[in-house]
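Okay, structure first, notes after.
Protein chains in written order, with the numbering used here: chain A, 184 to 806; chain B, -18 to 387.
Okay, structure coming up:
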């Protein structure tokens, strides 16, 4: 050892050095205090007596949220607040009495006198800071105050930018200009409220944590969704101007050279296309519950993402409406696209098919399995096919087109749970999608992909019947709509993308370790599901474009079946992949497929450059 | 532990009196800071602070009677617990504290003390060879963990407390100053990285000292590599990886004048309050800066400015002398204590106090960034006061058992 620590001589030498450091640091403090209080005292005394600047905050515009073409989804509109500077106002009223000035003001802002006096006692403020009595008042109240401003000492009108949601009743021309004429809070219903989120008044604990970053106790802050996730980028930087006040707090001048203009927040560009989003939200009636996700399959860019029922972000300011939203049994605040977990049902049958094809268990056109007679006995139970009359002797192609359950019971048993699990995991089931807005934002659900180990742990053993349920996408199996949309993209391209909503976010894809032949076969079958006569997905057909897809009808012990539909188009060169679920909607082919069809239609009508027409079909070239 | 020892030679009466005086000055100033001229009365926060003080004394006495052996034995467990709380507060709490109704529990406060304990325990091990680089690694990792967690909250000020902690502890444990220079060289390089000549000077200095000291080749190359990485990566990250708002946050941290509304305004007003106090001050309850509320955060972060405005340079020096006395007591406790763990703990605790005092007062007079670190014993706030009382309880405990080795 270099130093004998316990030897006091060395300790004391080191202690002397530390005392030196302390003395040095306190010396700096002492000298600086001497300079301020003795050497420069005169100068500071004059400053404290005569000047006294008051800062007045200039709010910054929050960054706008735009869709992929620059169309504004969320912008700012001016709103008016009636605020009071307590010391100036209180000097003019009789304490404890509700008459005269206080009563008049109470009538204008529609608040009882007690509430006003209570608000004026608010602790978290500087002495001469104005306190907001009422925010976002109507124009009538503003004009009454303005006309009688000398009767209301200490009462001020302040302008504050507020979030506005343009109405998308009919498709506007592409223009990146903000148009205030389109705003009307009572009529507009903003697009994608779950994704965009909303802002609200900062709460007490957020304030005490964030005040060092320039938040004030009555500021707005992103509370959910993108508004919360990108709060730092979008909030901008407040400006300030300094007014000169005398010791009584009256304004006597302004310091123009000290004005610091506000800096607007950054705009945020999304990958959403408002026209597709709009069409999807309209096709999906608000009385329904469910989700729709449309994705660019090669890049993982989300083109539209709907969760129903929706909500209006401005309801957060109305306590009653807010209460209603939170207690509504249909959970309008839940983002079903990322957090809803459903049994994927027949949509999942492609997994069993791919496993069987890739492992060489069965070819697409082989008639090797037992015929379907409307059900199958396994163990001591009879497992039914949704087609009670039976599907007869069929091959894999016909089984997927008709969505025959008995065929897949048999195929599932041949594949076995371990291989089935391996192929399902390839498509990302049971794992987070890592969509860019989830991990730091509102989160996403993982779903559940049961494996042999899962059953061992839960029940002690794996029953054969479990596999029968899994292979038709039922049983313990759960997936989020986003996972299903990503799976559809992977079927369309052979690549598993990372979904994202922010333009320019890191995407990236993983190649599936499957032979091209397998993917090709499954894709040709999915084309048949929509286009062959009697195919379950025929309601998703488009006149000029070949759509490929698959229906699903998830049994639900608590009520009506959930309706699923997944699709991608054009079948030969996919540009869009889509997944739709309607909770308790009934059959996938009749309820979910038409919603997908309308969304696809909007995409091909608006969102793509017009393709050349050849041989009656549109042909797209890969960009 | 015999409780009757308290009143006799085993109570460090000087330290105890100084703490009481400090808290008394604090409560008086909080009363003044919340006093309203128009209403002619003060808010109720000084009463709350009195309640916190009573609770603080209870915490102090409890800390005093727990055998030091137990702090030694449970150092790692206590550290693990508080770090777990730091993780939980990020995930479940409000990022910085748990909201428990009337009180907020701020785990980073307790983590300061447990980190001192765990470092002291590691360095107290008698055969620790501090001439070898590898002896520095575990303590560095032990402080890095809370630094990262606190930084994520984000609470830059408290993160800096943790990072400063290791230097005096290594020094007290016997590390050579040159090795300590190597230790902080990446931080120095980071500061110099934005100015070419300073960077060259820094690199030359580092190489020079390396040649003089001749550490093992492996250690020297790792050290150079780290410094070069910092020098190259820092400007790149600044230019390409940081958003404007992030850059602005760092710049205003370093130079409050840039933020005219927030930190800059606070510092200007604080300097006016202090400067206008003069030699004798404006008198109790007479501070105009305070009463007209030009000075923000006057009962917490800027409480020192209120003292300076109302009691002048005399009041300010009284507080400085009080703090010097407290630090001197802590240091002499560290010198007198036979036990190596206790001695190192005392040094660590003194460092926490010194850092808070210097950064807080430095902030009010405009020579330190605005970090939000409170002034020990004086600033309003329950969590901080109780932590500081526990800290003092530990010091008093060490003093009482200074002849005991275990």
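Built from N, CA and C at the ideal position, the CB exists for glycine as well.
- Any Cβ of chain A closer than 8 Å to the Cβ of residue 229 of chain B would place that residue at the interface, and such an atom is present.
- Here residue 33 of chain B is buried, its C-beta having at least 16 other C-beta atoms within 10 Å.
- For the C-beta of residue 152 of chain B, the chain A residues within less than 9 Å are, from N- to C-terminus, 197, 200 and 201.
- Bounds of the beta strand (DSSP E) holding residue 258 of chain A are 255 to 267.
- Taking 4 residues as the minimum length, the alpha helix (DSSP H) runs contained wholly in the region 219 to 287 of chain B are 225 to 235, 244 to 258 and 269 to 272, in order along the chain.
- Taking a C-beta distance under 8 Å as the contact criterion, residue 318 of chain A and residue 262 of chain A qualify as a contact pair.
- Rounded to whole angstroms, the Cβ separation of residue 748 of chain A and residue 732 of chain A is 6 Å, and the two are in contact under 8 Å.
- Taking 8 Å as the CB threshold, residue 213 of chain A lines the interface with chain B.
- Under the three-state reduction of DSSP, residue 351 of chain B is assigned to coil, being neither helix nor strand.
- Neighbourhood of residue 444 of chain A in chain B, by CB distance below 7 Å: empty, with the nearest CB roughly 11 Å away.
- Going by DSSP, residue 734 of chain A is part of the beta strand (DSSP E) stretching over 731 to 737.
- Secondary structure at residue 385 of chain B: coil, using DSSP grouped into helix, strand and coil.
- Fully enclosed alpha helix (DSSP H) runs of no fewer than 4 residues occupy 321 to 345 of the region 313 to 363 of chain B, in order along the chain.
- Around the C-beta of residue 666 of chain A, 16 or more other C-beta atoms lie within 10 Å, and the residue is accordingly described as buried.
- As computed with DSSP, residue 694 of chain A is found in a beta bridge with A:678.
- The residues 559, 592 and 651, in chain order, have a CB closer than 6 Å to that of residue 566 of chain A in the same chain once the five nearest residues on each side in sequence are set aside.
- Sequence-distant Cβ neighbours of residue 564 of chain A in its own chain, meaning closer than 8 Å and more than five residues away, are 648.
- Contact of residue 270 of chain B with chain A by beta-carbon distance below 7 Å involves 231.
- Chain A has a Cβ within less than 8 Å of the Cβ of residue 289 of chain B.
- Secondary structure at residue 456 of chain A: coil, using DSSP grouped into helix, strand and coil.
- Nothing from the region 61 to 72 of chain B brings a Cβ to less than 9 Å from some Cβ of chain A.
- In this structure, residue 598 of chain A keeps its C-beta atom at 8 Å or more from the C-beta atom of residue 504 of chain A.
- Contact check between the region 247 to 258 of chain B and the region 206 to 223 of chain B: fewer than three CB pairs, one atom from each, fall below 8 Å, which does not count as touching.
- For residue 336 of chain A and residue 328 of chain A, the gap between their C-alpha atoms comes out near 10 Å.
- Distance between residue 507 of chain A and residue 408 of chain A, taken at the CA atoms: about 20 Å.
- In the structure shown, residue 415 of chain A falls within a helical segment according to DSSP collapsed to helix, strand and coil.
- Taking the beta carbon of residue 361 of chain B as reference, no residue of chain A falls within 8 Å; the closest one sits roughly 13 Å away.
- When B:279, B:72 and B:305 are compared, the shortest CA-CA separation from residue 16 of chain B is found for B:279.
- For residue 786 of chain A, no beta strand (DSSP E) run applies, since DSSP gives it neither H nor E.
- Ranked by Cα distance from residue 772 of chain A, the options A:746, A:207, A:436 and A:754 are led by A:746.
- Secondary structure in the region 30 to 107 of chain B: the alpha helix (DSSP H) runs of 4 residues or longer, each lying completely within the stretch, are 49 to 54, 56 to 72 and 88 to 105 in chain order.
- Among the residues facing chain B, residue 484 of chain A is not included, as its CB has no counterpart in that chain under 8 Å away.
- Beta-bridge partners assigned by DSSP to residue 747 of chain A: A:735 and A:764.
- Here the alpha carbons of residue 3 of chain B and residue 268 of chain A stand approximately 36 Å from one another.
- Between residue 211 of chain B and residue 182 of chain B, the C-beta spacing is not below 8 Å.
- In chain order, 659 place their CB closer than 6 Å to the CB of residue 633 of chain A, counting only its own chain and leaving out the 5 sequence neighbours on each side.
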